[in-house]
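A.B. asks: Structure provided below as structure tokens; questions to follow.
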Amino acid sequence: MNQHDPKAKLSERSEFSIAAGITLGVVVLSFFLHWKWCGSYMQLSEDIFVESHQMRLSTYPFSIRPFMANSIELFGRLFLFEVKTSFFAVQFSLAAAIGLSFYYYLRQLRFSVGWSRLGLFLVLSAYPILAAHIEPMHTWDDLWAHLFVMLAIVALLKSRLITGLIWFTLSCFAREQSLIFYGPMLVTAMMYCKQVPRRRIVLMSAVPVVVYAVYYLVVWQTPDPARYSLILFNFENPLRTSDTLFSLFISFGFLWPLALAGLVRKGVDPSARFLKLGTWLTLPVTLVLTLFFTNARETRILFPPFIFMIPLTLVALKSVYDWLKPRLSWRFAAVGLIVLVALMTVGVWLGYEAFPEFEYRRCQNFQRMWAGIHFGLIFSLLAFWIVRMWSRGNDRSI
């Protein structure tokens, strides 16, 4: 995955400035999306935010996650913000921090500047980030957990074992779902902290889990029994099933087939092997937890494997680009554009047909349009695959 572009030798400052500009642009787009669109929590009153904040300070399990609630309190004291203003100031700041951290993470994995910028855009434009506060997402502590996990993995990639484990511990306190990253953390430490004996890595990697387990036992409260039957709730009727299937699809959208292509792609590159292992260790667990123990309509719960899946999509897109590059011409581009527009039109039509109604989601035309765009992109990828297979067949016949 050594994709350095010799023509793009930018200074660190200018490279960071461009990444920061992309981040700012997408975060501002997200802000206006929430400000204007129906179904956004930004349109709720201050009283509702105060009530929600107080509920999360006092209600289990929200009350055992310290970062979001306390950061709202801190912003309120420092800047005299109301709860609603503090909430969105923290959330959009976290989104920006996640974007820049993800860019740095891709550079650590030796993606080129150009591909890292694309990865930055893909993570910030993903539905669970770009539309993080549109009903029924309920994004609250998740972005803290994403950021801490990202920083933990970056530290481990740089062979900083203790720093990485500290960040991982913080991610568990931010949201207990971060425990699914224990396996990937251990694998990353084994692969990139070679100066540390393996036995010591295993012992030290258990410390964050033990620390959080002790904390969890201290604050433990019996969960709602309904949590153990949520698989029935998630598919109880056609409208709720539509919400669940929409979440499963839109969590990554057109990135699903690209990530699958990255998973099955052959190669022995250490970074690619690391990304595949990370995906296999987090994605199945996330799917099971989401469908069986949570409200699957909250798309954000499906998103944590993005740390491995989005880089895998870049691997797949790189192979698409490498095949297209020598074949690009004005005629090829014109035909491709016509086909793309046609397939996007079909995709939008399918978005409306596949999800005619929802139970919880407001702004339903917006949701269908978003799904339709991703359907269109998937059709475009399928068309590319057919053309590529046809081209290979012709090459063999010659």
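Offset between the sequence shown (1-based) and my numbering: plus 165. Note that beta-carbon positions come from the ideal geometry of N, C-alpha and C, so glycine has one too. A quick note: this is a predicted structure, and the numbers were derived from the prediction, not measured.
Count the other CB atoms, across all protein chains shown, that sit within 10 Å of the CB of D487; report buried if there are 16 or more and exposed otherwise.
C.D. replies: Sequence index remark: in the sequence shown, residue 487 carries index 322 (1-based). Under this definition D487 is an exposed residue.
A.B. asks: Who are the near neighbours of F497 in its chain, counting only those whose CB is closer than 6 Å to its CB and skipping five residues on each side?
C.D. replies: Here residue 497 corresponds to residue number 332 of the sequence shown, with the count starting at 1. Excluding positions up to five away in sequence, the list is empty.
A.B. asks: Alpha carbon to alpha carbon, how far is P231 from F549? Give it in angstroms, no decimals.
C.D. replies: Stepping through the sequence shown from its first residue, residue 549 is reached at position 384. Stepping through the sequence shown from its first residue, residue 231 is reached at position 66. Rounded to whole angstroms, F549 to P231 spans 47 Å at the Cα level.
A.B. asks: Could you have a look at S277 and say whether DSSP puts it in helix, strand or coil?
C.D. replies: By 1-based counting over the sequence shown, the position of residue 277 is 112. Of the three classes helix, strand and coil, the one that applies to S277 here is coil, per DSSP.
A.B. asks: Quick one: residues in its chain with C-beta nearer than 7 Å to the C-beta of L330, no 5 flanking neighbours on either side, listed in chain order?
C.D. replies: If you number the sequence shown from 1, residue 330 lands on position 165. If we look at L330 and ignore the five residues flanking it on each side, its Cβ neighbours are M369, S370, V372 and P373.
A.B. asks: Which term fits T447, buried or exposed, when burial requires 16 or more other beta carbons within 10 angstroms of its beta carbon?
C.D. replies: Numbered from 1 along the sequence shown, position 282 holds the residue referred to as residue 447. It counts as buried.
A.B. asks: Whole angstroms is fine: what's the gap from S545's alpha carbon to V504's?
C.D. replies: Taking the first residue of the sequence shown as position 1, residue 545 is located at position 380. Taking the first residue of the sequence shown as position 1, residue 504 is located at position 339. Near 8 Å, if we compare the C-alpha coordinates of V504 and S545.
A.B. asks: Give me, in chain order, the residues of the same chain whose beta-carbon lies closer than 7 Å to that of F214; leave out the 5 immediate sequence neighbours on both sides.
C.D. replies: Position 49 of the sequence shown, counted from the start, is the residue given in the question as residue 214. The residues are V248, K249 and F252.
A.B. asks: In this structure, does DSSP put S182 in helix, strand or coil?
C.D. replies: To locate residue 182, count along the sequence shown from 1; it is residue 17. Correct three-state label for S182: helix.
A.B. asks: Alpha carbon to alpha carbon, how far is K323 from I551? Give it in angstroms, no decimals.
C.D. replies: Here residue 551 corresponds to residue number 386 of the sequence shown, with the count starting at 1. Here residue 323 corresponds to residue number 158 of the sequence shown, with the count starting at 1. Rounded to the nearest angstrom, the two C-alpha atoms are 40 Å apart.
A.B. asks: Taking the alpha helix (DSSP H) that P231 falls in, what are its first and last residues?
C.D. replies: Numbered from 1 along the sequence shown, position 66 holds the residue referred to as residue 231. Start and end: P231 to F244.
A.B. asks: Compute the distance between the beta-carbons of W332 and L316, then report whether it is under 9 Å.
C.D. replies: Your numbering for residue 332 matches position 167 in the sequence shown. Your numbering for residue 316 matches position 151 in the sequence shown. For W332 and L316, yes; Cβs fall inside 9 Å.
A.B. asks: For S205, which three-state DSSP category applies?
C.D. replies: Within the sequence shown, the letter at position 40 stands for residue 205. In this structure, S205 counts as strand in the three-state DSSP scheme.
A.B. asks: Cα separation between D389 and S290?
C.D. replies: Position 224 of the sequence shown, counted from the first residue, corresponds to residue 389. Position 125 of the sequence shown, counted from the first residue, corresponds to residue 290. Distance between the alpha carbons of D389 and S290: 34 Å.
A.B. asks: Given L285, which residues of its chain have a CB within under 7 Å of its CB, disregarding the five upstream and five downstream residues?
C.D. replies: The sequence position of residue 285 within the sequence shown is 120, counting from 1. Around L285: A184, I187, T188, G264, F267 and Y268.
A.B. asks: Just to check my reading of the structure: Y381 and E341 have Cβ atoms closer than 8 Å, yes? What is that Cβ distance to the nearest angstrom?
C.D. replies: Stepping through the sequence shown from its first residue, residue 381 is reached at position 216. Stepping through the sequence shown from its first residue, residue 341 is reached at position 176. 7 Å between Cβ atoms; contact.
A.B. asks: Just to confirm, are L259 and H199 a CB contact at a threshold of 9 Å?
C.D. replies: Numbered from 1 along the sequence shown, position 94 holds the residue referred to as residue 259. Numbered from 1 along the sequence shown, position 34 holds the residue referred to as residue 199. Not a contact, by the Cβ cut-off of 9 Å.
A.B. asks: Cβ atoms of T444 and M474: under 9 Å apart, would you say?
C.D. replies: Taking the sequence shown and counting its residues from 1, one reaches residue 474 at position 309. Taking the sequence shown and counting its residues from 1, one reaches residue 444 at position 279. A contact, by the Cβ cut-off of 9 Å.
A.B. asks: Excluding sequence positions up to five away, which residues of its chain have a Cβ less than 8 Å from the Cβ of P435?
C.D. replies: By 1-based counting over the sequence shown, the position of residue 435 is 270. M356.
A.B. asks: Confirm, please, whether the CB-CB distance from I472 to Y270 is below 9 Å.
C.D. replies: Taking the first residue of the sequence shown as position 1, residue 270 is located at position 105. Taking the first residue of the sequence shown as position 1, residue 472 is located at position 307. Result yes, Cβ atoms of Y270 and I472 sit closer than 9 Å.
A.B. asks: Per the DSSP calculation, I299 is bridged to which residue(s)?
C.D. replies: Numbered from its first residue, the sequence shown carries residue 299 at position 134. DSSP output for I299 lists S205 as bridge partner(s).
A.B. asks: Mind listing, in chain order, the continuous beta strand (DSSP E) runs of no fewer than 3 residues lying wholly within the region 370-408?
C.D. replies: Fully enclosed beta strand (DSSP E) runs of 3 or longer: not present.
A.B. asks: Only counting the same chain, and skipping five residues up and downstream in sequence, which positions put a Cβ closer than 8 Å to that of Q256?
C.D. replies: Within the sequence shown, residue 256 is the residue found at index 91, counting from 1. The residues are A297, H298, T304 and L308.
A.B. asks: Residues in its own chain within less than 8 Å of F414 by CB, not counting five upstream and five downstream?
C.D. replies: Numbered from 1 along the sequence shown, position 249 holds the residue referred to as residue 414. Only W421, A536 and H539 meet the Cβ criterion.
A.B. asks: Report buried or exposed for S210, applying the criterion of at least 16 other Cβ atoms within 10 angstroms of its Cβ.
C.D. replies: Reading the sequence shown from its first residue, position 45 is the one you call residue 210. Its Cβ having fewer than 16 others within 10 Å, S210 is exposed.
A.B. asks: Which same chain residues, not among the five before or five after M166, have their C-beta less than 6 Å away from its C-beta?
C.D. replies: Reading the sequence shown from its first residue, position 1 is the one you call residue 166. With a pLDDT of 48 at M166, under the threshold of 50, the predicted position of this residue should be treated as unreliable, and no value is reported.
A.B. asks: Out of A234, E463, Q273 and F181, point me to the one whose CA is closest to A339's CA.
C.D. replies: Here residue 339 refers to the residue found at position 174 of the sequence shown. Nearest of A234, E463, Q273 and F181 to A339, Cα basis: A234.
A.B. asks: Going by beta-carbon coordinates alone, are T464 and F411 separated by less than 9 Å?
C.D. replies: Taking the first residue of the sequence shown as 1, we reach residue 464 at position 299. Taking the first residue of the sequence shown as 1, we reach residue 411 at position 246. Cβ distance < 9 Å, so T464 and F411 count as in contact.
A.B. asks: If I measure Cβ to Cβ from V352 and keep anything under 6 Å in the same chain, skipping five residues before and after, which residues do I get?
C.D. replies: Working through the sequence shown from its first residue, we reach residue 352 at position 187. L442, listed in sequence order.
A.B. asks: Alpha carbon to alpha carbon, what distance is there between V453 and F398?
C.D. replies: Taking the sequence shown and counting its residues from 1, the one referred to as residue 398 is at position 233. Taking the sequence shown and counting its residues from 1, the one referred to as residue 453 is at position 288. Rounded to whole angstroms, F398 to V453 spans 14 Å at the Cα level.
A.B. asks: Looking at the structure shown, is R462 part of a helix, part of a strand, or coil, going by DSSP?
C.D. replies: Position 297 of the sequence shown, counting from 1, holds the residue named residue 462. Of the three classes helix, strand and coil, the one that applies to R462 here is coil, per DSSP.
A.B. asks: Closest to W280 by C-alpha separation, out of V379, E524 and V485, would be which residue?
C.D. replies: Translated into the one-based positions of the sequence shown, residue 280 becomes position 115. Of the listed residues, the one whose Cα sits closest to W280 is V485.
A.B. asks: Quick check on K483: does DSSP put it in helix, strand or coil?
C.D. replies: Along the sequence shown, read from residue 1 onward, the residue named residue 483 stands at position 318. K483: helix per DSSP, three-state reduction.
A.B. asks: Could you tell me the distance, in whole angstroms, from the CA atom of R242 to the CA atom of E180?
C.D. replies: Start at 1 with the first residue of the sequence shown, and residue 242 comes out as number 77. Start at 1 with the first residue of the sequence shown, and residue 180 comes out as number 15. Whole-angstrom Cα-Cα distance: 35 Å.
A.B. asks: In the DSSP assignment, the alpha helix (DSSP H) including I327 goes from what residue to what residue?
C.D. replies: The count along the sequence shown starts at 1 and reaches residue 327 at position 162. Note, I327: alpha helix (DSSP H), L326 to A339.
A.B. asks: Over the uninterrupted alpha helix (DSSP H) stretch that includes I213, give me the two end residues.
C.D. replies: Taking the first residue of the sequence shown as position 1, residue 213 is located at position 48. Where I213 is concerned, the enclosing alpha helix (DSSP H) stretches over E211 to S223.
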